[in-house]
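Worksheet for the structure shown next.
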Amino acid sequence: MTEFLPVILPLVWASILALSVFLYVLLGGYDLGLGVLFPLAPSHEDRDAMMASVAPFWDGNETWLVLGGGGLLAAFPMAYGVMLPGLYLPIILMLMGLILRGVAFEFRFKAERYRYLWDLAFAGGSTLAALMQGVALGAFIQGFAVTDGRFTGGTFDWLTPFSALTAVALLTGYVLLSAGWLIMKAPEELREWAYRVAKVALIAVASFILIFSLWTPFLHPEIAARWFTPANMVMLSPVPLITAALLGALWFALRDRHRHTPFLLGIGIFMMCYTGLAVSLFPYIIPPDITIWQAAAAPDSQLFMLYGAIPLLPIILGYTAYSYYVFWDASEHDAYH
Numbered sequence: 000m001t002e003f004l005p006v007i008l009p010l011v012w013a014s015i016l017a018l019s020v021f022l023y024v025l026l027g028g029y030d031l032g033l034g035v036l037f038p039l040a041p042s043h044e045d046r047d048a049m050m051a052s053v054a055p056f057w058d059g060n061e062t063w064l065v066l067g068g069g070g071l072l073a074a075f076p077m078a079y080g081v082m083l084p085g086l087y088l089p090i091i092l093m094l095m096g097l098i099l100r101g102v103a104f105e106f107r108f109k110a111e112r113y114r115y116l117w118d119l120a121f122a123g124g125s126t127l128a129a130l131m132q133g134v135a136l137g138a139f140i141q142g143f144a145v146t147d148g149r150f151t152g153g154t155f156d157w158l159t160p161f162s163a164l165t166a167v168a169l170l171t172g173y174v175l176l177s178a179g180w181l182i183m184k185a186p187e188e189l190r191e192w193a194y195r196v197a198k199v200a201l202i203a204v205a206s207f208i209l210i211f212s213l214w215t216p217f218l219h220p221e222i223a224a225r226w227f228t229p230a231n232m233v234m235l236s237p238v239p240l241i242t243a244a245l246l247g248a249l250w251f252a253l254r255d256r257h258r259h260t261p262f263l264l265g266i267g268i269f270m271m272c273y274t275g276l277a278v279s280l281f282p283y284i285i286p287p288d289i290t291i292w293q294a295a296a297a298p299d300s301q302l303f304m305l306y307g308a309i310p311l312l313p314i315i316l317g318y319t320a321y322s323y324y325v326f327w328d329a330s331e332h333d334a335y336h
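At position 1 of the sequence shown (counting the first as 1) the number is 0 in numbering that gives the first Met the number 0, and the numbers step up by one without a gap.
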């Protein structure tokens, strides 16, 4: 059994990190999307309702970001050592955005005279964080310049047309998720506005999915071979087909004014895009050359950390689910007073 640990443990830790990143994108995405939409809300009362809808949940969503970053450092130190210097500026700007929106979230309801400044801070911090996450994702997909396990690229290698487009695409996806969230949680007038926003965001998301489906295979020959080899095209065809079906189903759900289905379908679209990304890049953790096994920490270290992660994951999942259960029907008064 021991001889299989160097093969199995990196797969286990890659799965844990993939789950953490997905849950952060999902749970953190809809509340970042609310911040992006914040200045566009029809009225001041609607902005109050938007913040109240996420007040019990938003800070707990950041748990998955911490788990993903800490897990990457511990389980794949080489990958951490390459990605961090390669993405210094986007990460710093993302953290600044998250700090700014967190402070604005707490102070906005205490301020009277200067509340509009905290509104701008909340929207600006949310938009900055969402854009920098998209830039980091685009840079990750493109890959990093690595020599002997070290980042050897430049300070601004992350800033390319592909990463810029990825930033806008991810922000649009967050807006779609947040519109679905408002459709579930908002009062009727704000809900009607969210339906209109969701339709526009859906068209944009569908367009970006098509663009990236055509562009990404040209970044690395391995990605093109994986998707466009005849045998693989048949085997992997469920991914684009299911994605297209979910996009169509979401359009009809918005047209027919469904209440809960839009958010669930938005989750499904994100899940299929995430699956397509995993299919494209696996087993590389530092595209296009370094695999999860090459970047992994020593098996003893990964096994030791796994002893802590095994009980920790159910606990985090449990309290996250319980917080949503307890505060699902919380009113604005309950959330802030």
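Quick reminder that beta carbons are idealized off the backbone N, C-alpha and C, glycines included.
Could you name the residues of the same chain whose beta carbon sits closer than 6 angstroms to that of residue i, not counting the 5 residues immediately before and after it, in chain order?
| i | result |
| --- | --- |
| Trp57 | Asp30 |
| Leu246 | Ala205 |
| Leu94 | none |
| Gly265 | Leu175, Leu176 and Gly179 |
| Pro310 | none |
Using three-state DSSP, classify residue i as helix, strand or coil.
| i | result |
| --- | --- |
| Arg46 | helix |
| Arg256 | coil |
| Thr319 | helix |
| Asp147 | coil |
| Thr154 | coil |
| Thr159 | coil |
Between the Cα of residue i and the Cα atoms of the options, which residue gives the shortest distance?
| i | options | result |
| --- | --- | --- |
| Ala294 | Pro282, Arg195, Gly28 and Leu302 | Pro282 |
| Met135 | Gly101, Gly179 and Leu88 | Position check: residue 135 holds Ala in this sequence, whereas Met was assumed. Residue Leu88 is the option with its Cα nearest to Ala135. |
| Arg256 | Ile182, Glu188 and Gly267 | Ile182 |
| Met304 | Val6, Ile7, Val196 and Trp12 | Trp12 |
| Gly80 | Leu169, Phe207 and Ala144 | Ala144 |
| Leu169 | Trp327, Ile268, Phe121 and Trp117 | Ile268 |
| Ala103 | Gly68, Val65 and Ala54 | Ala54 |
| Glu111 | Phe75, Val204 and His43 | His43 |
| Gly123 | Leu92, Ala78 and Met82 | Leu92 |
| Gly153 | Glu191, Pro84 and Arg258 | Pro84 |
| Ala308 | Trp63, Met50 and Arg190 | Trp63 |
| Tyr173 | Leu235, Ala252, Phe262 and Phe251 | Phe262 |
| Ala193 | Ala252, Pro239 and Pro229 | Ala252 |
Out of curiosity, what's the CA-to-CA distance linking residue i and residue j?
| i | j | result |
| --- | --- | --- |
| Thr215 | Gly137 | 10 angstroms |
| Gln132 | Ile98 | 14 angstroms |
| Ile202 | Thr171 | 10 angstroms |
| Leu249 | Gly28 | 18 angstroms |
| Tyr321 | Leu312 | 14 angstroms |
| Phe3 | Ala17 | 21 angstroms |
| Ser206 | Val196 | 16 angstroms |
| Pro9 | Gln301 | 8 angstroms |
| Val20 | Glu61 | 10 angstroms |
| Trp226 | Phe108 | 50 angstroms |
| Leu22 | Ile315 | 11 angstroms |
| Asp299 | Phe211 | 39 angstroms |
| Tyr115 | Trp327 | 28 angstroms |
| Gly34 | Ser52 | 12 angstroms |
| Ala296 | Thr274 | 25 angstroms |
| Ser330 | Ile289 | For Ser330, the predicted model reports a pLDDT of 47, less than 50, meaning its position is unreliable; a value from the coordinates is still stated below. Straight-line Cα distance between these residues: approximately 49 angstroms. |
| Pro160 | Gln141 | 11 angstroms |
| Ile90 | Gly67 | 14 angstroms |
Leaving aside the five residues before and after residue i along the sequence, list all residues of the same chain whose C-beta is less than 7 angstroms from its C-beta, in chain order.
| i | result |
| --- | --- |
| Gly59 | Thr319 and Ser322 |
| Pro186 | Ala48 |
| Arg46 | Phe37, Ala40 and Asp118 |
| Thr151 | Ala144 and Val145 |
| His332 | Because the pLDDT of His332 is 42, which lies under 50, any placement of that residue in the model is unreliable, and the question is left without a value. |
| Leu26 | Asn60 and Trp63 |
| Lys184 | Ser52 |
| Ile208 | Thr242 and Cys272 |
Would you say residue i touches the ligand MN, meaning its beta carbon is less than 8 angstroms from a heavy atom?
| i | result |
| --- | --- |
| Arg190 | Questions concerning the ligand MN fall outside what the structure shown contains, since it holds no ligand whatsoever. |
As an exercise, report each continuous alpha helix (DSSP H) stretch of at least 4 residues that is fully enclosed by the region 194-235, in chain order. 220-227 and 229-235
Any alpha helix (DSSP H) of 4 or more consecutive residues that is wholly inside the region 92-142: 114-141
Could you tell me which uninterrupted beta strand (DSSP E) segments, each at least 3 residues in length, are contained entirely in the region 14-76, listed from first to last along the chain? Those beta strand (DSSP E) runs which fall completely within the region 14-76 and span 3+ residues do not exist here.
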